[in-house]
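Enquirer: Numbering (the working numbering), first residue to last: 15 to 460.
Think of the CB as a built atom: it goes at the ideal place given N, C-alpha and C, for glycine as much as any other residue.
(1) On the three-state DSSP scale, how would you describe residue 17?
(2) Excluding the five sequence neighbours on either side, which residues of its own chain have a C-beta within less than 6 Å of the C-beta of residue 397, listed in chain order?
(3) Can you look up residue 487 in the DSSP assignment and give me helix, strand or coil?
(4) Counting C-beta neighbours from all protein chains within 10 Å, is the total for residue 298 16 or more, i.e. buried, or is it exposed?
(5) Run through DSSP, which three-state label would residue 118 get?
(6) Residues in its own chain within less than 8 Å of residue 200 by CB, not counting five upstream and five downstream?
(7) Would you mind stating whether residue 186 and residue 162 have Cβ atoms separated by less than 7 Å?
(8) Pairs of beta-carbons, one from the segment 256-264 and one from the segment 312-323, closer than 8 Å: are there three or more?
(9) Rounded to the nearest angstrom, what separates residue 204 and residue 157 at their Cα positions?
(10) Which residues bound the alpha helix (DSSP H) around residue 341?
(11) Hey, which unbroken runs of the beta strand (DSSP E) at 3 residues or more fall wholly within the segment 44-113?
(12) Taking 7 Å as the threshold (C-beta atoms), are residue 81 and residue 31 in contact?
(13) Can you list, in chain order, the residues of its chain whose CB lies under 6 Å from that of residue 132, leaving out five sequence neighbours each side?
(14) How should residue 273 be labelled, buried or exposed, when 16 other C-beta atoms within 10 angstroms of its C-beta is the threshold for buried?
(15) Measure from the alpha carbon of residue 100 to the alpha carbon of each residue in 138, 50, 28, 137, then state which is nearest.
(16) At the level of alpha carbons, what is the spacing between residue 393 and residue 353?
(17) Mind listing, in chain order, the continuous alpha helix (DSSP H) runs of no fewer than 4 residues lying wholly within the segment 232-297?
(18) Roughly how many angstroms lie between the CA atoms of residue 457 and residue 444, to the nearest whole one?
(19) Which residues bound the alpha helix (DSSP H) around residue 166?
(20) Anyone know if the C-beta pair for residue 380 and residue 386 falls short of 7 Å?
(21) For the segment 101-113 and the segment 44-51, state whether three or more C-beta atom pairs, one from each stretch, are separated by less than 8 Å.
(22) Is the beta carbon of residue 242 less than 7 Å from the beta carbon of residue 271?
(23) For the beta strand (DSSP E) containing residue 400, name the first residue and the last one.
(24) Tell me whether residue 176 is buried or exposed, calling it buried when 16 or more other Cβ atoms sit within 10 Å of its Cβ.
(25) Can you tell me which of 142, 360, 182, 76 puts its alpha carbon nearest to the alpha carbon of residue 165?
(26) To the nearest angstrom, how far is the alpha carbon of residue 406 from that of residue 304?
(27) Run through DSSP, which three-state label would residue 141 get?
(28) Taking the C-alpha atoms as reference points, what is the distance between residue 246 and residue 130?
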């Protein structure tokens, strides 16, 4: 073991990429799905970085993360501070690694070790052995079980990256032959498995290898037979499961929802109770609460994944938009998004999403007959950032058409004001329901 004075000029380089669904761990997408593969990459990266940080701390070893995709701001937002972020040079893997080594040695580093991010067997002890080996050898290599290597280190710049058939089973053999040809002394570490294929997943814990949806979409329903099918079809995605929680429909809602292939369960009526029931059954890492009359935007999974790459984000929602085009509705949409973006108070009809673990830790939606989404947002703001995505869900304008835009807006504002004034949610819900019944009666009568 070297003291900090001996190792203060050393550098540990991590080669990785910013996870993007559909562009990350592509060989695993058929089995894990685009977001599932990207989520695996995210977790493997964070695990490797945790080990690297634990090793370099207090040893005077500089930690550098050389990345593909994203940018320095995104990388630092995701992984935090305490390391150097540098974008990988263009070219094949050999060109990029050689550039990273040259840059490190040119900056005065004496020993440089480079690792990838998909090595579940990485340990502090192995990193220590790698740096120790460089006191008596020119090169240290950790071979991987697929014919490549999971680690390479040098004590001076050596070109071991030229004329290598990257991505094949001969990478390790060709590298060793090139080192011997140049008269380099090579020390080998124990072989490890890096995660590239489905077969490699056996090296991981069950939590990482379990095939599960990235998002569980929970839709509470009550007599929504006219719209539930289109909402479900719009939400279909290979990275999502759809759970419809019906509160006692007397029409064909349950049959139509079940006919789409969605999971359909029943619960006692009440949006908070129905959504909490859906969350209990959800298998996804993320929960997305969606109203039955709201359609999700294209690539909503990618937008959610990107938003939740920031570990400080507690929850989020989409921008609000209706399928109406009247001037007054446009004003309402503008004011709703203003509240959501600047006051961090999105409502349920914007498609709220949250990590399941956080949702459960907060006890789910409060058991209220009304304003359950409002109260959850008030609480969750204390846990982290609340963000509004730059894309919109499309909510049906049927409420405004039935009640009238002005009347609907006034009723909504009275409900919010009463809640702030301390009126019990039960009284507010009773008044709200009676008011809507009265307005609907007048509307149908006319």
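Expert: So, to answer that:
(1) Because residue 17 carries a pLDDT of 39, less than 50, the predicted location of this residue cannot be relied on, and the following value inherits that uncertainty. Coil at residue 17, not helix or strand.
(2) If we look at residue 397 and ignore the five residues flanking it on each side, its Cβ neighbours are 328.
(3) No answer is possible for residue 487: the residues shown for the chain start at 15 and end at 460.
(4) Buried, because 16 or more other Cβ atoms sit within 10 Å of the Cβ of residue 298.
(5) Reduced to three states, the DSSP call for residue 118 is helix.
(6) Contacts found: 151, 152, 153, 154, 155, 190, 193, 194.
(7) Taking 7 Å as the Cβ cut-off, residue 186 and residue 162 qualify as a contacting pair.
(8) Here the segment 256-264 makes no contact with the segment 312-323; the two share fewer than three CB pairs at distances below 8 Å.
(9) Their Cα atoms are separated by approximately 7 Å.
(10) Taken as a continuous stretch (DSSP letters only), the alpha helix (DSSP H) holding residue 341 covers 341-356.
(11) Entirely contained in the segment 44-113, the beta strand (DSSP E) runs reaching 3 residues are, in chain order, 76-82, 98-101.
(12) In contact: residue 31 and residue 81 (Cβ atoms closer than 7 Å).
(13) Excluding positions up to five away in sequence, the list reads 58, 208, 209.
(14) It is exposed - the Cβ of residue 273 has fewer than 16 other Cβ atoms within 10 Å.
(15) The shortest C-alpha separation from residue 100 is found at 28.
(16) Counting only the Cα atoms, residue 353 lies some 16 Å from residue 393.
(17) Correct list: 242-249, 267-273, 285-295.
(18) Here the model assigns residue 457 a pLDDT of 33, short of 50, so the residue's position is not dependable and the matter cannot be decided.
(19) Not the alpha helix (DSSP H): residue 166 falls in the beta strand (DSSP E), residues 163-168.
(20) Cβ atoms of residue 380 and residue 386: closer than 7 Å.
(21) The segment 101-113, when compared against the segment 44-51, does not touch it at the 8 Å Cβ threshold.
(22) The Cβ atoms of residue 242 and residue 271 lie closer than 7 Å to each other.
(23) In the DSSP annotation of this structure, the continuous segment of the beta strand (DSSP E) that includes residue 400 starts and ends at 399-409.
(24) That one is exposed.
(25) From the listed residues 142, 360, 182, 76, the smallest Cα separation to residue 165 is found for 142.
(26) The alpha-carbon separation between residue 406 and residue 304 amounts to approximately 13 Å.
(27) In the structure shown, residue 141 sits in a helix (DSSP, three-state: H, G or I).
(28) Taking the straight line joining both Cα atoms gives about 40 Å.
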